[in-house]
Amino acid sequence: MIVPERTPRSHKGTFGRALIIAGSENYVGAAYLSSAAAGRSGAGLVTLALPDTIYPLIASRLSEATYIPLVEHGRNVIDSGFAAVQVTDASRSASALLIGPGLGQTPSAVEFVRAVLLDRREGPRMIIDADALNSLVSVDDWQGRIRGPAILTPHPGEMARLRGSSVPDVERDRVHTAQSAAETWRHIVVLKGACTVVAHPDGKTAISPWVNPGMATGGTGDVLAGLIVGFLAQGMEPFDAAALGVYAHGLAGEIAKRAVGQVSMVASDVLESLPAALKQLSN
Numbered sequence: 041m042i043v044p045e046r047t048p049r050s051h052k053g054t055f056g057r058a059l060i061i062a063g064s065e066n067y068v069g070a071a072y073l074s075s076a077a078a079g080r081s082g083a084g085l086v087t088l089a090l091p092d093t094i095y096p097l098i099a100s101r102l103s104e105a106t107y108i109p110l111v112e113h114g115r116n117v118i119d120s121g122f123a124a125v126q127v128t129d130a131s132r133s134a135s136a137l138l139i140g141p142g143l144g145q146t147p148s149a150v151e152f153v154r155a156v157l158l159d160r161r162e163g164p165r166m167i168i169d170a171d172a173l174n175s176l177v178s179v180d181d182w183q184g185r186i187r188g189p190a191i192l193t194p195h196p197g198e199m200a201r202l203r204g205s206s207v208p209d210v211e212r213d214r215v216h217t218a219q220s221a222a223e224t225w226r227h228i229v230v231l232k233g234a235c236t237v238v239a240h241p242d243g244k245t246a247i248s249p250w251v252n253p254g255m256a257t258g259g260t261g262d263v264l265a266g267l268i269v270g271f272l273a274q275g276m277e278p279f280d281a282a283a284l285g286v287y288a289h290g291l292a293g294e295i296a297k298r299a300v301g302q303v304s305m306v307a308s309d310v311l312e313s314l315p316a317a318l319k320q321l322s323n
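Numbering (the numbering used here), first residue to last: 41 to 323.
See below:
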């Protein structure tokens, strides 16, 4: 795995367009962390689609992104039909799409996610994370109705819900769980946690060497998802983008741990350590 090269004559189009669908009234930070991480990955352009009510909060903090304020018809109520059309239109020029961080599980958010993901035969390669995964749990044959191979990034609780099992069952043999899910679903699986597992449907597997309790805090998964969509937007193969994202994310966590310690680490420490981690990997 090599961080995508940057030639002297490059321009922003050279490094792809990442489209991120994230955020809600209760999870504003998820939209920021995932989009900022995608920018730090080297993606040429990051576009964030987020509910209109939280757009000013993020836009005032993240100046490098472009924005699609999603139409709502009430406080924290996405207009699922119209918003899905907005995302579909934007996805035509996107190189990779991430959906899920902080979207929440309100009925309108679930309906919106399903409208975006199901029965879509054209569009950019996808990472499905967090609440987008939870929105698929009760959908029959969701695995066959989403474009693939998508990259699915569940934590153990989300994996348990998707498989209809329990967290102890998932954790009993994490490698086998991820491999079995990838083979059955025919999508790439990133099972998050200590020694995160990346599994391809053909059996290829990568296991992260990083074990860092300091990263067991809200928002670190959003940073990881943003990294992966950024690498995917730059033209990496999905498995390689996922594996590099996991490794770089873990390395950034180690750098942050040395700076602030495990106890005080928060997700923004990992985000702020990404430049040092990617510089180290590039060298």
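Think of the CB as a built atom: it goes at the ideal place given N, C-alpha and C, for glycine as much as any other residue. Here the structure is a predicted model, which is why all the values come from computation and not from measurement.
By the neighbour-count criterion, in which a residue is buried when 16 or more other Cβ atoms sit within 10 angstroms of its Cβ, Q145 is exposed. With at least 16 other beta carbons inside 10 angstroms of its own, S148 counts as buried. In the DSSP assignment, P96 falls within the alpha helix (DSSP H) that extends over Y95 to A99. Apart from the 5 residues on each side of it in sequence, L85 sits with its Cβ closer than 6 Å to the Cβ of K52 and R57 in its chain, given in chain order. Contact between the region 150-168 and the region 92-108 is absent, with fewer than three C-beta pairs closer than 8 Å.
Boundaries of the beta strand (DSSP E) around T106: T106 to L110. According to DSSP, R165 shares a beta bridge with A136. Of the candidates S75, S175 and L97, S175 places its Cα closest to the Cα of E198. If you draw a straight line from the Cα of G184 to the Cα of A155, it comes to about 15 Å.
Residue pairing by DSSP places R57 opposite L85 in a beta bridge. Taking each of P208, I168 and R201 in turn and checking the Cα distance to I191, the smallest one comes out for I168. The three-state secondary structure of A246, taken from DSSP, is strand.
Taking a C-beta distance under 8 Å as the contact criterion, T224 and V237 do not qualify as a contact pair. Counted as a single uninterrupted DSSP element, the stretch harbouring V43 is not any beta strand (DSSP E), since DSSP gives it neither H nor E.
Note on the region 268-319: whole alpha helix (DSSP H) runs with a minimum of 4 residues are 278-300, in chain order. In this structure, the alpha-carbon of V207 lies about 27 Å from that of D280. If the five residues before and after A292 are omitted, its C-beta is found closer than 6 Å to the C-beta atoms of V310, S313, L314 and A317, all from its own chain and listed in chain order.
If you check the CB distance, L173 and L202 come in under 8 Å. According to DSSP, V229 shares a beta bridge with L192 and A239. In this model, E162 and S135 are separated by some 12 Å (Cα to Cα).
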